[in-house]
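To keep things clear, I will list the structure first and then write my remarks on it.
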Amino acid sequence: MDTIWHITVAQVVTPTIEIANAALVIEQARFGAVGASVAIPPPANARRLDASRYIAVPGLIDLQFNGGFGHDFTADPESIWRVAQALPRHGVTAFLPTIITAPLETIQHAQTVLQRGAPENFRGATPLGLHLEGPFLNPQKRGAHNVAHMRLPEINFARDWSPQNRTRLVTLAPELPGALELISFLRERGIVVSAGHSMATYGEAQRGFDAGITYGTHLFNAMPPLDHRAPGLAAALLNDPRVTVGIIPDGIHVHPALVALALKQKTPAQLNIVTDAMAALGMSPGEYSLGDFQVQVDETSARLADGRLAGSILNLRDALVNQMRFTGASLSDALTTLTTTPARVLHLENERGKIAAGYIADLTLLTPDLRVVATMAHGQWVWHDADALAL
Ligand code: ZN
Numbered sequence: 039m040d041t042i043w044h045i046t047v048a049q050v051v052t053p054t055i056e057i058a059n060a061a062l063v064i065e066q067a068r069f070g071a072v073g074a075s076v077a078i079p080p081p082a083n084a085r086r087l088d089a090s091r092y093i094a095v096p097g098l099i100d101l102q103f104n105g106g107f108g109h110d111f112t113a114d115p116e117s118i119w120r121v122a123q124a125l126p127r128h129g130v131t132a133f134l135p136t137i138i139t140a141p142l143e144t145i146q147h148a149q150t151v152l153q154r155g156a157p158e159n160f161r162g163a164t165p166l167g168l169h170l171e172g173p174f175l176n177p178q179k180r181g182a183h184n185v186a187h188m189r190l191p192e193i194n195f196a197r198d199w200s201p202q203n204r205t206r207l208v209t210l211a212p213e214l215p216g217a218l219e220l221i222s223f224l225r226e227r228g229i230v231v232s233a234g235h236s237m238a239t240y241g242e243a244q245r246g247f248d249a250g251i252t253y254g255t256h257l258f259n260a261m262p263p264l265d266h267r268a269p270g271l272a273a274a275l276l277n278d279p280r281v282t283v284g285i286i287p288d289g290i291h292v293h294p295a296l297v298a299l300a301l302k303q304k305t306p307a308q309l310n311i312v313t314d315a316m317a318a319l320g321m322s323p324g325e326y327s328l329g330d331f332q333v334q335v336d337e338t339s340a341r342l343a344d345g346r347l348a349g350s351i352l353n354l355r356d357a358l359v360n361q362m363r364f365t366g367a368s369l370s371d372a373l374t375t376l377t378t379t380p381a382r383v384l385h386l387e388n389e390r391g392k393i394a395a396g397y398i399a400d401l402t403l404l405t406p407d408l409r410v411v412a413t414m415a416h417g418q419w420v421w422h423d424a425d426a427l428a429l
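What the sequence shown shows, in our numbering, is residues 39 to 429, in sequence order.
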């Protein structure tokens, strides 16, 4: 039987509540009572954990994550579960493994890996389904994707994609012929559709939103820059309240001033911090794979031979801290962008992204200077720093 936990913390901080000297109860992988510790006595059979030096926040969620710890999901879909076990050290409790432009067989392989479910004794972050970034992208904004595998939008190619076969989010270029039909098709099947790697004009982007696009992939990257006479996809994403935008706050993909500008234009509920991390996350500088390409990684960035960025080496905890530094956002507002906002993008806002009764018990304990001390996923401790906390 699952352990019942009673945890006392210095503070609970979520997008909607802040409680000092708090306690929370976790039972059967869900949060129970949460409140001031004087009001939450431990249940009779609970294990008590004194974490009163630390802050409890909802587990972090990454909607764009290509791999890490030496593994690339597109080159090796089998590595998804292994990488998922390492992610909680950065406070991550759920994520979308991202498959970049690849042949259909690779996509099907990744779908199968997730459909098979977690291996025995798995303890890690939960893969919530795939983010398929491609293959319906504009070759003129290819980034680190292989043009040889790009295709025009085609319903037949995506015929069996659904949340049931673990396809959750698809990034495509809405200006391509056939895109609007495919957007409606995917949307009707319950898949979130995003605009990205695109040359769309302002009008083409708006027609994509009208057809059902609700997300923008890594705002400012792999799209034309903001131009005051030709406002393209970037301006359309910023202007339309129906759309949530992903952004990579590593200080390299987007200048910190533009991250701040994006947050002024969107609310924290419409801005979603992602890492877009690749295989070199958590590793030393050197050469790593991203899909079909070899990527040179130094201390701060991952690049193709010609200098183009090829994913990041950012972890989600650092993304949280960078975002606060770049924008002046409070911890609560910054948390919104990587907890409740991604949960809502995926239509999971009633079960993930909050520390509240009935929600899935995904939780991260942080020091006052926001270092990750321990991470719980589905009511189980999946990582902790033994020097900081005895479990
Ligand atoms: Zn991309």
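Beta carbons are placed, not taken as given, at the ideal position from N, Cα and C, and that holds for glycine.
Unbroken beta strand (DSSP E) run spanning residue i, endpoints
i, result
"Leu218", "From DSSP, Leu218 is part of no beta strand (DSSP E) but of the alpha helix (DSSP H) over 217–226."
"Leu299", "It is not in any beta strand (DSSP E) - Leu299 instead sits in the alpha helix (DSSP H) that spans 294–303."
"His169", "168–171"
"Leu134", "130–138"
"Asp407", "Element bounds for Asp407: n/a, residue is neither H nor E."
"Arg390", "Run containing Arg390: none; DSSP gives neither H nor E here."
"Pro177", "From DSSP, Pro177 is part of no beta strand (DSSP E); its letter is neither H nor E."
Proximity test, residue i beta-carbon vs the ligand ZN heavy atom, cut-off 7 Å
i, result
"Pro171", "Strictly speaking, residue 171 in this sequence is Glu, with Pro absent from that position. Yes - the ligand ZN has a heavy atom lying nearer than 7 Å to the Cβ of Glu171."
"His235", "yes"
"His187", "no"
"Thr255", "yes"
"Ala238", "no"
"Ala260", "yes"
"Gly181", "yes"
Expected contact under 8 Å - CB spacing of residue i and residue j to nearest Å
i, j, result
"Thr140", "Gly417", "Going by the sequence as given, residue 140 is Ala instead of Thr. Actually they are not in contact, since the Cβ atoms of Ala140 and Gly417 sit about 35 Å apart, beyond 8 Å."
"Ser236", "Glu219", "Contact flag wrong, Cβ pair sits at about 17 Å."
"Thr402", "Gly391", "The pair is not a contact, with the Cβ atoms about 12 Å apart (cut-off 8 Å)."
"Ala217", "Tyr240", "So it is not a contact: roughly 16 Å between Cβ atoms."
"Leu166", "Ala132", "5 Å"
"Trp43", "Val72", "That belief does not hold up - the Cβ atoms of Trp43 and Val72 are roughly 12 Å apart, past 8 Å."
"Leu168", "Arg204", "6 Å"
"Ala415", "Gly105", "Not really, about 19 Å apart at Cβ, beyond 8 Å."
"Trp448", "Arg227", "Because the chain in this structure spans residues 39 to 429, residue 448 falls outside the shown range and cannot be described."
Residue i versus residue j: straight-line alpha-carbon distance, rounded
i, j, result
"Val17", "Gly345", "Only positions 39 to 429 of the chain appear in this structure, which leaves residue 17 out of reach."
"Ala163", "Arg245", "36 Å"
"Val130", "Asn176", "31 Å"
"Glu116", "Pro157", "11 Å"
"Gly250", "Val231", "7 Å"
"Pro279", "Met362", "22 Å"
"Pro294", "Asn259", "14 Å"
"Arg86", "Asn310", "34 Å"
"Leu352", "Gly172", "22 Å"
"Asp423", "Phe69", "22 Å"
"Thr41", "Ala399", "12 Å"
"Ala343", "Pro80", "57 Å"
"Thr379", "Gln308", "7 Å"
"His385", "Ala74", "30 Å"
"Phe223", "Leu276", "25 Å"
"Val208", "Val281", "14 Å"
"Ala92", "Thr405", "Note that residue 92 is Tyr in the sequence shown here, rather than Ala. Using only the alpha carbons, I get a separation of about 5 Å."
"Leu347", "Val292", "11 Å"
"Leu296", "Asp356", "18 Å"
"Arg197", "Val151", "19 Å"
"Ile55", "Gly329", "41 Å"
"Ile137", "Met316", "11 Å"
"Asn184", "Leu427", "45 Å"
Endpoints, the alpha helix (DSSP H) within which residue i is located
i, result
"Met362", "354–365"
"Phe258", "Here Phe258 belongs to no alpha helix (DSSP H), and DSSP marks it neither H nor E."
"Ala307", "Here Ala307 belongs to no alpha helix (DSSP H), and DSSP marks it neither H nor E."
"Val121", "118–124"
"Asn277", "271–277"
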